[in-house]
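For the sequence shown, my numbering assigns the number 19 to the initial residue and increments by one for each residue that follows.
For each residue, glycine too, the CB sits at the ideal point set by N, CA and C.
Note that this is a predicted model, so its numbers are computed, not measured.
Contents: one structure, followed by commentary.
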Amino acid sequence: MRTGLENKRPIGKRTRHVGSQGFTAIEMVGAVALAVILVGAGLPVMMTSVESARFSAAVRQVVGDMRLARSKAVTTRWEYRIRGRDRRGGANANRYRVEGRRTPAIAWPAEADTPQQTADLFVGAWINLAASYPGIQLDNSGTGSNPPFYAGFDSSGKMCMPLTQCFDGVSPLVITKDSTGQTRQISIAPATGHVRVQ
Numbered sequence: 019m020r021t022g023l024e025n026k027r028p029i030g031k032r033t034r035h036v037g038s039q040g041f042t043a044i045e046m047v048g049a050v051a052l053a054v055i056l057v058g059a060g061l062p063v064m065m066t067s068v069e070s071a072r073f074s075a076a077v078r079q080v081v082g083d084m085r086l087a088r089s090k091a092v093t094t095r096w097e098y099r100i101r102g103r104d105r106r107g108g109a110n111a112n113r114y115r116v117e118g119r120r121t122p123a124i125a126w127p128a129e130a131d132t133p134q135q136t137a138d139l140f141v142g143a144w145i146n147l148a149a150s151y152p153g154i155q156l157d158n159s160g161t162g163s164n165p166p167f168y169a170g171f172d173s174s175g176k177m178c179m180p181l182t183q184c185f186d187g188v189s190p191l192v193i194t195k196d197s198t199g200q201t202r203q204i205s206i207a208p209a210t211g212h213v214r215v216q
């Protein structure tokens, strides 16, 4: 006679599936400690890689904007330049912008001019490297002068002359990353207008 109690487990007994072991508290603490050690060892390498990538991105942005100014000079037959302020530049420290003028007879925009495009002038917005890339500094001290600095291109793409405080192959613009001490030098070949990174 069946009572229906045959399939019930006895009180106080635990059933364990064959092959399942579980973890003890000591094993869990050991696994967590190992994970923390591995993450701690890899974090400095990862942070250095991130900072290096950020620095490279800042250099690419500055060089790209210089090449864009040169390209605009050639395609529009205007003169274009980069006007910037290095780390000593006061309110516009570590900033630069693109400016253009239709002919050399027209005065370059003033530093206080707001972004605009007219029939004779182009004034771009200030690009703040410190906001986008913390710890990045522009340095044009190699020119022997205080800011601002310039890099200009005529309608054939050559370096615009005369420009005072201009950086070229002799006096490059230096970009520095504070925390790592990395530096890159940007120079322009006066005869061709080619922008180079060293």
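Per DSSP, reduced to three states, the secondary structure at Thr210 is coil, with no helix or strand assignment.
The criterion of a C-beta distance shorter than 8 angstroms is satisfied by Glu97 and Cys178. Tyr114 is positioned such that its CB atom lies closer than 8 angstroms to that of Ile100. Per the Cβ contact rule, the stretch 138 to 153 is in contact with the stretch 68 to 86 (3 or more Cβ pairs under 8 angstroms). Of the candidates Pro122, Ala137 and Val141, Val141 places its Cα closest to the Cα of Asp131. Rounded to whole angstroms, the gap between the alpha carbons of Ser89 and Asp138 is 18 angstroms. Between the beta-carbon of Pro190 and that of Ser174 there is about 22 angstroms, and that puts the pair past the 8 angstroms contact cut. Per DSSP, Ala169 is one residue of the beta strand (DSSP E) stretching across Phe167 to Phe171.
With a cutoff of 8 angstroms on beta-carbon distance, Lys195 and Glu69 are scored as near each other.
Measuring C-alpha to C-alpha distances from His212 to each of Val92, Thr136 and Val54 identifies Val92 as the nearest. In the DSSP secondary-structure assignment, Asp157 is bridged to Val192. Burial is judged here by how many other beta carbons sit within 10 angstroms of a residue's own beta carbon; Phe41 has fewer than 16 and is exposed. Taking 8 angstroms as the cut-off, the beta carbon of Phe167 is found no closer than this to the beta carbon of Ala87.
In the displayed model, Gly40 falls within coil according to three-state DSSP, outside both helix and strand. Counting other Cβ atoms within 10 Å of its Cβ, Gln135 stays below 16 and is therefore classed as exposed.
Here Gly48 is exposed, its C-beta having fewer than 16 other C-beta atoms within 10 Å.
The three-state reading of DSSP puts Gln134 in strand, counting E and B together. Boundaries of the alpha helix (DSSP H) harbouring Ser150: Leu147 to Ser150, taken from the DSSP string. Listed in chain order, the non-local C-beta contacts of Lys176 below 6 angstroms within the same chain comprise Gly211, local neighbours out to five positions each way being set aside.
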